[in-house]
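These protein sequence lines map, in sequence, to chains A and B.
So in UniProt numbering, spot 115 of the first sequence is number 115, and the numbers just go up one at a time.
So in UniProt numbering, spot 34 of the second sequence is number 34, and the numbers just go up one at a time.
In what follows, a single structure is set out as structure tokens and then discussed.
Protein chains: 2
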Amino acid sequence: MGRWEPNAQSRLRQAAMDLYASRGFERTTVAEIAEKAGLTERTFFRHFADKREVFFAGSERLRELLVATVTDAPVEAGPAQAVAAAFESVAADYFPPVAFSRQRQSVIDANISLQERELVKLHAVAAELAAALQRRGVSELRAAIAAESGVAAFKVAFSRWINDPDDRELSTHMREALAELRRAA
Amino acid sequence: MGRWEPNAQSRLRQAAMDLYASRGFERTTVAEIAEKAGLTERTFFRHFADKREVFFAGSERLRELLVATVTDAPVEAGPAQAVAAAFESVAADYFPPVAFSRQRQSVIDANISLQERELVKLHAVAAELAAALQRRGVSELRAAIAAESGVAAFKVAFSRWINDPDDRELSTHMREALAELRRAA
């Protein structure tokens, strides 16, 4: 195995997801993932703390992007607008192709501990967005509601995206979910 | 130990929470909980599947109450109104005193697997509320947004309630959170 490993992370991710989907998350080992990707276990552990983190490797970057957009929103933007802009921005750019997201979700849906982990990550997103809004001078209640309802809209949009028979974009679903959130109130 | 065990469930719940708070959730055994409550382990297992379920014993009933209120809402009530009425109703009646809820939350906050479990329960509440709205003829998107944003408001209200230095009622916090949700949009 040479030192040059182009796209090692995405190769490992795809190999892992293929194995998780075909033989189950619990029964797949890191050695098998590395072998399927044509890489070493050591390379795997340079990219992921363990086989569960393959699902959530991008979640820290996602939180950073969301928080940065809220923090940099124009001063005149209200909290709901700032949160909406943040989710519209990541929905347009950040996520892997829908085929990968569907495969990933089907593995998560079959494993309660992965579902729990995913919900904890979303909960952390809401808490960080609320904190970012408070740093902009937004009251605690207003910040919490804007952050939690934004995450709620994202959950709905993401689920509709990966279940959409017409393959419309995540950004389209995100805009629809945010519009419905505004309309409902 | 006689067969007459008045309030066995609430005695076990309080004994468990006292032990979890003083010596930690992981280090507490069912035998110790039963002994502290003056009851047998067998009685414990008549009320709770395991020591983790002490935290979530009421969650099924909570889901039932929420779904029933949404289902029975007047036909002219919109989805957001039906969900708001459901959360206002349980906020007024359903929850144990704030002192117990605070103690329970401090134990959950110290244990990631309990936090995960709590989030899964809330996720299930949202899914059931959305399904109840769809049975009323509400579209999938509208139902999902009303349910998820209602749960978002509840999360915020519950957290503000157990952290309120002025000890205002959960129902007051619930009304404030729902009003802020409407205002934000």
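Even glycine gets a Cβ: it sits at the ideal position worked out from N, Cα and C.
query, result
"For A:Glu180, which of A:Asp164, A:Asp167 and A:Ala152 has the nearest alpha-carbon?", "A:Ala152"
"Determine the direct distance from the alpha carbon of A:Leu65 to that of A:Gly2, and round the result to whole angstroms.", "Caution applies to A:Gly2, whose pLDDT of 47 falls short of 50 and renders its modelled position unreliable; the value that the coordinates give is listed next. C-alpha separation (whole angstroms): 34 Å."
"List the endpoints of the continuous alpha helix (DSSP H) containing A:Val83.", "Pro79 to Asp93"
"Determine, using beta carbons only, whether A:Gly2 comes closer than 8 Å to chain B.", "Unreliable positioning characterises A:Gly2 in this predicted model, as indicated by a pLDDT of 47, which lies under 50. The coordinate reading is nonetheless provided below. No, A:Gly2 does not count as interfacial toward chain B."
"Is any beta-carbon of chain A found at less than 8 Å from that of B:Lys155?", "yes"
"Could you tell me which whole alpha helix (DSSP H) segments of length 4 or greater appear in the region 117–171 of chain B?", "140–162"
"Please confirm if B:Gln134 has its CB atom under 8 Å from at least one CB of chain A.", "no"
"What is the DSSP secondary structure of A:Leu39, reduced to helix, strand or coil?", "coil"
"Which residues in chain A sit within 7 Å of B:Ser106, going by Cβ to Cβ distance?", "Going along chain A, no residue has its Cβ under 7 Å from B:Ser106, so there is no contact; the nearest lies around 17 Å."
"What did DSSP end up calling A:Ser22 once you bin it into helix, strand or coil?", "helix"
"Using a Cβ-Cβ distance under 8 Å, would B:Ser171 count as near chain A?", "no"
"Below 8 Å on the Cβ atoms is my guess for B:Ala185 versus A:Arg136; work out the distance and round it to an integer in Å.", "That pair is no contact at about 19 Å."
"Would you call B:Met17 buried or exposed, if buried means 16 or more other Cβ atoms sit within 10 Å of its Cβ?", "buried"
"Just the chain A side, please: which residues come within less than 7 Å of B:Gln115 by C-beta, in chain order?", "Val120"
"Can you tell me whether A:Phe76 is helix, strand or coil according to DSSP?", "The sequence shown places Glu at residue 76 of chain A, not Phe. Three-state result, A:Glu76: coil."
"Whole angstroms is fine: what's the gap from B:Arg142's alpha carbon to B:Ser149's?", "11 Å"
"Does the beta-carbon of A:Phe48 have 16 or more other beta-carbons within 10 angstroms, so that it is buried, or is it exposed?", "buried"
"Can you name the residues of chain B whose CB is closer than 7 Å to the CB of A:Ala124?", "Neighbours of A:Ala124 on chain B: none; closest Cβ ~10 Å, over 7 Å."
"Check whether the Cβ atoms of A:Arg117 and A:Phe56 sit closer than 8 Å, and answer yes or no.", "yes"
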